[in-house]
Each structure stands twice: as C-alpha cells, then as structure tokens.
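These notes concern the structure reproduced below.
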Amino acid sequence: MAQVLYVPIRLLRETQAHLEREAPREGVGLWAGRREVERVIPLPNVHPNPRTGYLAEPLALLRALKEMEREGLSLLAIYHSHPAGPALPSPTDRKEARWRVPYVIFGTDGFRAFLLPEGREVEVVPLYPP
Ligand SMILES: [Zn+2]
753 MAQVLYVPIR
763 LLRETQAHLE
773 REAPREGVGL
783 WAGRREVERV
793 IPLPNVHPNP
803 RTGYLAEPLA
813 LLRALKEMER
823 EGLSLLAIYH
833 SHPAGPALPS
843 PTDRKEARWR
853 VPYVIFGTDG
863 FRAFLLPEGR
873 EVEVVPLYPP
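At the far end of the sequence shown sits residue 882, using the numbering used here, and the numbering has no gaps.
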C-alpha cells in the first residue's frame, strides 16, 4: 500500500475545481493511477445530507472501478471535501471507511490524507512539471 501519494499539480487543481463546483455540498471522487495519480474521477454525492456527508453513487462507482481496471489503473485514493470544516476525518468518516487506500480530505485549512479507520496520516506530494 502506498505510504506516499504523488499527485501532479494539474490533477490536484482539477480535484479542487470539482470540489469547488460541489460546494456547499461535500464532493467525492477517486484518484486512479499507477505510480502516481493519472486520473481524477468525480462521482455524484447521493448522501441524504450532502452538506455534512458523502456517499458515492454506487453505479457510478462501479463503472469507474471497471473503467480503471480496463485501463490498467489502480485505485490510489478516495477524496472528499469538508466545505465548512477542517481536513480531518469525522467520526462518520472513520466509522464508514471500507477501503484500504488513503482517504484524502479537502477542508477549509487545506488537504490531508489518512488511512481509516485507524487514522494514520499519509503524505500527499504534489508533482510540479519540470
Ligand atoms: Zn468527511
């Protein structure tokens, strides 16, 4: 499992643009790639209270995972936003964590990544073009 997430700055900005479009609702999506993030895959948030929670639409999630498999990409991380809170996992984020990939959280104070439910932090390293 990756202990460091490498993400080209262009894709980091693409992720932030997606989450800004969703605000004040939480946004959710996937980072897919091989050694580094190669694709940002936004997913619809179908949580009944989307300002305080996220739930990726199950069919869109399944389609995204199949497409990644076809392209030889791995799931590197799941991202979501806290439009009105810090980049820290909420109790619900911990309780509902099911995946063994880092959860990247974009909050009002920046972004951080964690393995959940335990909460160990994973470093996110932006890659700038040479
Ligand atoms: Zn959260």
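C-beta: ideal position from N, C-alpha, C; glycine also.
For residue i, is the beta carbon positioned less than 7 Å from some heavy atom of ligand 1?
i	result
Pro943	For residue 943 there is no data in the structure shown, the boundaries of the chain being 753 and 882.
Ser826	no
Pro881	no
Nearest-angstrom Cα distance between residue i and residue j?
i	j	result
Glu870	Ser842	12 Å
Ala836	Gly859	7 Å
Met753	Leu827	Summary for Met753: the model assigns pLDDT 49, below 50, so the residue's position carries little reliability; its value from the coordinates is reported in the next sentence. Rounded to whole angstroms, Met753 to Leu827 spans 11 Å at the Cα level.
Arg791	Arg803	25 Å
Leu764	Pro878	7 Å
Pro881	Phe863	20 Å
Ile761	Thr767	10 Å
Report, in whole angstroms, the separation of the C-beta atoms of residue i and residue j, which I expect to be a contact under 8 Å.
i	j	result
Pro854	Ala865	4 Å
Phe796	Ala816	Residue identity check: residue 796 is Pro in the sequence provided, not Phe. Actually they do not touch by this definition, with Cβ atoms about 11 Å apart.
Leu825	Gly785	6 Å
Glu788	Val759	7 Å
Val756	Glu873	In fact, because the Cβ distance is near 11 Å, the residues do not count as touching under 8 Å.
DSSP three-state call for residue i: helix, strand or coil?
i	result
His832	strand
Ala816	helix
query = With distances taken from each beta carbon to the nearest heavy atom of ligand 1, which residues come in below 7 Å, in chain order?
reply = Glu778, Tyr806, His832, His834, Pro841, Ser842, Thr844, Asp845 and Ile857
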